[in-house]
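Chemist:
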Amino acid sequence: MLPDTLLFCFSQFESCFRAPSYRRFVTLMSGWLLCVGCHTVTGVMRAAGVADRDHNGYHRFFSRGIWSPDAVGLVVLSLALKWVEPNARVMLTLDDTLARHTGKRIAGAGMHRDPLLSTGARPFFHFGHNWVVLAVVVTMPWGKAYSLPFWARLYRSVKTAQKEGVPHLKKTELAALMLKELGKRLANRRFLVFTDNAYVNRAVVRELPANIDLVGRGRMDAALHEQAGKRRGRGRPRIRGRRLPTPAQQATRKRWRKVSVSIYGRPAKVRTQTFDALWYKVGRERVMRFVLIRDWPGHAKDDVLVTTDLSLGAAAVIEGYCTRWSLEETYGWVKSRLGFEDPHNRTVRAVERTAPMALWAYSLVVCWYAQWSKRRAILPIRLAPWYTRKTNPSFADMLATLRRNCWTIWISDQAEKGRLDQKSLAPLLDVAGYG
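One gets the working numbering by counting positions in the sequence shown from 1 and adding 2 to each.
Given below as structure tokens:
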């Protein structure tokens, strides 16, 4: 019941698995896309129409299967890069997200800060998994940018790491390892990663590969210096020059320059200051570019962005950083539509493989829809009397289009066999009844 274009996408993953595991991967991913209820392994099996089979084999696919999530993620990345110019720099987004869970036997879970409930004065914590996600930014033909996840790493708290007997790695260290591995695997491509201020620190910046640059939020109280001058006299050479004003002090001393930018798809005018300096605590002797911003819509105070690419201007830094919001949209969709928080695995290996399935499913749906919509002048969009200004398809529209195509193929096959009765429609009625 799958369209040929989707089967072609699945065929790209064949080299990542052995033959039995590949068949299970196709079955599970198909069920993941078609499932409208809880995305547990058994729920996905029901949606794929294999509920009558032994479910232990599908659980073993995640807990004991001989396959690498990194290899699968690279295939997802290759499918996404088909929508990027061959010689263009690849844009990436990097951030972490909390997958809330309940239950004492869930492997790898712990107490993590909940960003949706926490405030600056009062933090809230929730039990679950914290994932560090790396995604590629792709602008589709209808003009909207999407962050398509391909790699994810499970962050363990100190207590959880001690309990499992594994080394504790900070979220920034996990991010640095992913970027280093990506730079090594795709050494012929250039990357620019957009991230929040939590990842603009020495653990990430000092470990950046030569083909990866970073853009993120800085600190208004950052200790900045000039580059070290020529060595004079004897003794150890200087590693940094004289102290410069902090970004907050720069904001009061120098003149501002007006810049027209597009912020989250809307035109705006902001005032900026641009200067280069050493942020020794973060990048050592690496010169970084700072962009001070005033009158940023939604920001009551001055803010500062920082990049390791000295060729970027203020407008490019600001507009590029705004694409980071597409990853937040991805988190919303994978949690509400693809069951990112649904699986409750009891082994660490199963946890590290099940949750990424929801992230890969999101990327596959967007890539499939972009290919499917190539020759269509009008795209199917769900409207309502109270919501008539919608012009671009949402992810819900894409997923609904894929499911409609799948069920249309299935019903047509049943009709050709002369079996279009209540019994043959039982799977579709089951979906409509149980949701």
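Using N, Cα and C, we set each Cβ at its ideal position, and we do this for glycine too.
With a threshold of 8 Å, are at least 3 pairs of Cβ atoms found where one atom belongs to the segment 367 to 385 and the other to the segment 141 to 151?
Modeler: Counting Cβ pairs under 8 Å, three or more are found: they touch.
Chemist: Within 8 Å, do at least three Cβ pairs link the segment 17 to 35 to the segment 53 to 68?
Modeler: Segments in contact, yes.
Chemist: Residues in its own chain within less than 8 Å of glycine 322 by CB, not counting five upstream and five downstream?
Modeler: Here residue 322 refers to the residue found at position 320 when the sequence shown is read from its first residue. If we look at glycine 322 and ignore the five residues flanking it on each side, its Cβ neighbours are Met93, Leu194, Phe196, Val217, Leu314.
Chemist: Does leucine 210 come out as helix, strand or coil in the three-state DSSP assignment?
Modeler: In the sequence shown, residue 210 corresponds to position 208, counting from 1. Three-state result, leucine 210: coil.
Chemist: Return yes when the Cβ of leucine 340 is within less than 8 Å of the Cβ of alanine 360, no when it is not.
Modeler: For the purposes of this step, residue 360 is identified with residue 358 of the sequence shown, where counting begins at 1. For the purposes of this step, residue 340 is identified with residue 338 of the sequence shown, where counting begins at 1. Closer than 8 Å, so yes.
Chemist: By Cβ distance, which residues of its chain are closer than 7 Å to leucine 226, with the 5 residues on each side in sequence left out?
Modeler: Here residue 226 refers to the residue found at position 224 when the sequence shown is read from its first residue. So the list reads Leu246, Thr248, Ala279, Leu280, Trp281, once near-sequence residues are dropped.
Chemist: Please work out which residues of its chain come closer than 8 Å, Cβ to Cβ, to arginine 219, disregarding the five sequence neighbours upstream and downstream, and give them in chain order.
Modeler: As a first step, residue 219 is located in the sequence shown; it is residue number 217 there, counting from the start. Excluding positions up to five away in sequence, the list reads Asp198, Asn199, Val202, Asp305, Val306, Leu307, Val308, Tyr323.
Chemist: Name the residue from Thr254, Leu100, Arg326, Ala90 whose alpha carbon lies nearest to the alpha carbon of arginine 148.
Modeler: As a first step, residue 148 must be located in the sequence shown, where it is residue number 146. Rather than arginine, the amino acid found at residue 148 in this sequence is tyrosine. Per the Cα distances, Arg326.
Chemist: For methionine 95, name the three-state secondary structure that DSSP assigns.
Modeler: For the purposes of this step, residue 95 is taken as residue 93 along the sequence shown, with counting starting at 1. Here the sequence assigns threonine to residue 95, which means methionine is not the residue at that position. In this structure, threonine 95 counts as strand in the three-state DSSP scheme.
Chemist: So, using beta-carbon positions, are leucine 329 and alanine 82 closer together than 8 Å?
Modeler: Against the sequence shown, residue 329 aligns to sequence position 327. Against the sequence shown, residue 82 aligns to sequence position 80. In this structure, alanine 82 does not lie closer than 8 Å to leucine 329 by Cβ.
Chemist: Report the rounded CA-to-CA distance for proline 211 versus lysine 106, giving the unit in angstroms.
Modeler: Indexing the sequence shown from 1 puts residue 211 at position 209. Indexing the sequence shown from 1 puts residue 106 at position 104. Whole-angstrom Cα-Cα distance: 40 Å.
Chemist: Would methionine 400 pass as a contact of valine 433 if the rule is Cβ separation under 8 Å?
Modeler: To locate residue 400, count along the sequence shown from 1; it is residue 398. To locate residue 433, count along the sequence shown from 1; it is residue 431. No.
Chemist: Tell me where the alpha helix (DSSP H) around proline 22 begins and ends.
Modeler: Here residue 22 refers to the residue found at position 20 of the sequence shown. Taken as a continuous stretch (DSSP letters only), the alpha helix (DSSP H) holding proline 22 covers 21 to 36.
Chemist: By DSSP, does phenylalanine 438 sit in helix, in strand, or in coil?
Modeler: Past the boundaries of the shown model lies residue 438; the chain is included only from 3 to 437, so the question cannot be answered.
Chemist: Taking all protein chains shown into account, do 16 or more other C-beta atoms lie within 10 angstroms of the C-beta of asparagine 347, making it buried, or fewer, making it exposed?
Modeler: Your numbering for residue 347 matches position 345 in the sequence shown. With 16 or more Cβ atoms within 10 Å of its Cβ, asparagine 347 is classed as buried.
Chemist: What are the start and end residues of the beta strand (DSSP E) that includes isoleucine 295?
Modeler: In the sequence shown, residue 295 corresponds to position 293, counting from 1. Counting along the chain, the beta strand (DSSP E) containing isoleucine 295 begins and ends at 289 to 296.
Chemist: Following the continuous beta strand (DSSP E) through proline 269, name the residue where it begins and the one where it ends.
Modeler: Position 267 of the sequence shown, counted from the start, is the residue given in the question as residue 269. From DSSP, the beta strand (DSSP E) with proline 269 extends over 268 to 280.
Chemist: Which value, in whole angstroms, describes the spacing of the CA atoms of threonine 332 and lysine 283?
Modeler: Within the sequence shown, residue 332 is the residue found at index 330, counting from 1. Within the sequence shown, residue 283 is the residue found at index 281, counting from 1. Each residue's alpha carbon lies about 32 Å from the other.
Chemist: Spatial neighbours of glycine 231 within its chain, please: CB distance less than 8 Å, with the 5 preceding and 5 following residues excluded, ordered by chain position.
Modeler: If you number the sequence shown from 1, residue 231 lands on position 229. These residues qualify, in order along the chain: Arg240, Gly243.
Chemist: Excluding five sequence neighbours on each side, which residues of the same chain lie with their C-beta closer than 7 Å to the C-beta of alanine 250?
Modeler: The residue given as residue 250 occupies position 248 in the sequence shown. Met222, Asp223, listed in sequence order.
Chemist: Just to confirm the assignment, what range does the alpha helix (DSSP H) spanning tryptophan 335 have?
Modeler: Residue mapping note: residue 335 aligns to position 333 of the sequence shown, counting from 1. Note, tryptophan 335: alpha helix (DSSP H), 327 to 338.
Chemist: Grouping DSSP H, G and I as helix and E and B as strand, with all else coil, what is methionine 3?
Modeler: Taking the sequence shown and counting its residues from 1, the one referred to as residue 3 is at position 1. Coil at methionine 3, not helix or strand.
Chemist: So, with DSSP's three-state summary, where would you put threonine 390?
Modeler: Translated into positions along the sequence shown, residue 390 becomes position 388. Coil at threonine 390, not helix or strand.
Chemist: Write down every uninterrupted run of the beta strand (DSSP E) in the segment 231 to 268 whose length is 3 residues or greater and which is fully enclosed by it, in chain order.
Modeler: For the segment 231 to 268, whole beta strand (DSSP E) runs of length 3 or above, ordered along the chain, are 259 to 265.
Chemist: Less than 7 Å between C-beta atoms, sequence neighbours within five positions excluded: which residues of the same chain meet that for tryptophan 61?
Modeler: The count along the sequence shown starts at 1 and reaches residue 61 at position 59. The sequence shown places histidine at residue 61, rather than the tryptophan named in the question. If we look at histidine 61 and ignore the five residues flanking it on each side, its Cβ neighbours are Val43.
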